[in-house]
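Encoded as structure tokens, the structure appears first; notes follow it.
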Amino acid sequence: MGRGDKASPFLQGEHMKHVLCFGDSNTWGFIPGSGRRYDEHTRWTGVLADALGSDWRVHEEGLNARMSIFDSPFKGDVNTNGKDIFATVLDSQKPLDALVICLGTNDLKYHPAWHAAQGVGRLVNYAQHVDQLNPWGEHVFRNGPRILVISPIAVGEDLANRDVQDDLAGKHEESRKFPQVFAGLCAGMGVELLDAQQIAEPSQVDCIHMEPEGHRALGLAVAEKIKAMMEE
């Protein structure tokens, strides 16, 4: 088909906008205490989809225990290193109008907050240049990369006092550094930032995952950010 020919009505994205949400268990929708998954209208990605409306398709890519660029010492059949799958996910979900990255909490198990932010920065850098690295075929981003980074919620302070074995125990103060280190990262890379600690908090049940009201507040806040990004 030549450039002057009419586009096929079956091309993805011709009448819809697409956003990819790449994150960990809070993006997947982990229910505190049970390990089961919130339904598609309760988890924040579903709230986002409802708020954006029928003109948008939200692609959910949440994975329990996912880190930004780091390997888990307990690596099994599921690869929780975000970097290893990131390029594949971008390619499988293209074309995109926006990208949301919400990672960092699991990085705290073995690394400080600054390293978590730098890991997310590696993913952002790849996304910003992916269409230059592969100029052939359909681009990942239809109108240039619009990227939103979510600085994660805090780890609950009480987790350190629980009679449980969790690598995030005692990481409350380190998690409080997320807003500062992620703000510096996003300012330096020219991408949008949303501080989840101003919006939601961890459940008292497990001190890590959000309750339904947290998911709703975060999903609505992300929707407002994406709408604003699309107007720029």
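Using my numbering, you'd call the opening residue of the sequence shown number -19 and step up by one each time.
Idealized CB from N, CA, C, for every residue including glycine.
Residue i bridges to which residues according to DSSP?
i	result
aspartate 175	Ser131
tryptophan 36	Lys(-3)
proline 182	Met190
glutamate 41	Phe2
asparagine 141	Per DSSP, none; premise fails for asparagine 141.
methionine 209	Answer is none; methionine 209 lacks a bridge partner.
arginine 17	Phe10
leucine 76	Phe121
With 16 as the cutoff for other CB atoms within 10 Å, does residue i come out buried or exposed?
i	result
asparagine 151	The amino acid at residue 151 is misidentified as asparagine; the sequence shows lysine. Flag for lysine 151 reads buried.
aspartate 64	exposed
valine 104	buried
aspartate 87	buried
phenylalanine 54	exposed
arginine 23	buried
glycine 15	exposed
alanine 29	buried
lysine 74	buried
proline 115	exposed
glycine 170	exposed
For residue i, collect the residues of the same chain with a Cβ closer than 7 Å to its Cβ; drop the 5 residues on either side in sequence, then sort them by chain order.
i	result
phenylalanine 162	Ala97, Val129, Ser131 and Leu173
glutamate 137	His152
glutamate 118	Lys74 and Pro75
glutamate 20	Gly26
proline 182	Ile133, Ala134, Val135, Gly136, Ile188, His189 and Met190
glutamate 154	Leu88, Pro92 and Ala93
Skipping 5 residues on each side, what residues in its chain have a beta carbon closer than 8 Å to that of residue i?
i	result
threonine 25	Cys1, Thr7, Gly9, Val38, Glu40, Gly42 and Gly199
arginine 142	Ala149 and Cys187
lysine 205	Leu128, Glu172 and Leu174
Am I right that residue i and residue j are in contact with their C-beta atoms under 8 Å? What's the rounded C-beta distance?
i	j	result
proline 125	glutamine 112	Not a contact, Cβ separation roughly 10 Å.
aspartate 77	asparagine 44	Incorrect: roughly 27 Å between the Cβ atoms, too far for contact.
threonine 68	arginine 46	At roughly 14 Å, the Cβ-Cβ gap does not stay under 8 Å, so threonine 68 and arginine 46 are not in contact.
alanine 203	alanine 31	4 Å
histidine 195	valine 27	6 Å
valine -1	aspartate 71	Not really, about 16 Å apart at Cβ, beyond 8 Å.
isoleucine 133	alanine 180	5 Å
glutamine 177	proline 192	Not quite, the Cβ-Cβ distance comes to about 18 Å (not below 8 Å), so this is no contact.
glycine 33	aspartate 186	Actually they are not in contact, since the Cβ atoms of glycine 33 and aspartate 186 sit about 33 Å apart, beyond 8 Å.
aspartate 57	methionine -4	No, aspartate 57 and methionine -4 are not in contact; Cβ-Cβ is about 34 Å, not under 8 Å.
glycine 3	isoleucine 81	7 Å
leucine 79	serine 48	That pair is no contact at about 14 Å.
Mapping DSSP to helix, strand and coil, what is residue i?
i	result
glycine 124	strand
arginine 156	coil
proline 192	helix
cysteine 82	strand
leucine 148	coil
arginine 23	coil
asparagine 264	The displayed coordinates of the chain run from -19 to 212. Any statement about residue 264 would go beyond what the structure contains.
arginine 46	coil
asparagine 114	coil
leucine 200	helix
phenylalanine 54	coil
histidine 91	coil
glycine 136	coil
glycine -18	Here the model assigns glycine -18 a pLDDT of 39, short of 50, so the residue's position is not dependable and the matter cannot be decided.
glycine 170	coil
With a CB to CB cut of under 6 Å and the five nearest residues on each side skipped, what residues in its chain are close to residue i?
i	result
arginine -17	For arginine -17, the pLDDT reaches just 37, beneath the cut-off of 50, and the residue's location in the model is therefore unreliable, leaving the point undetermined.
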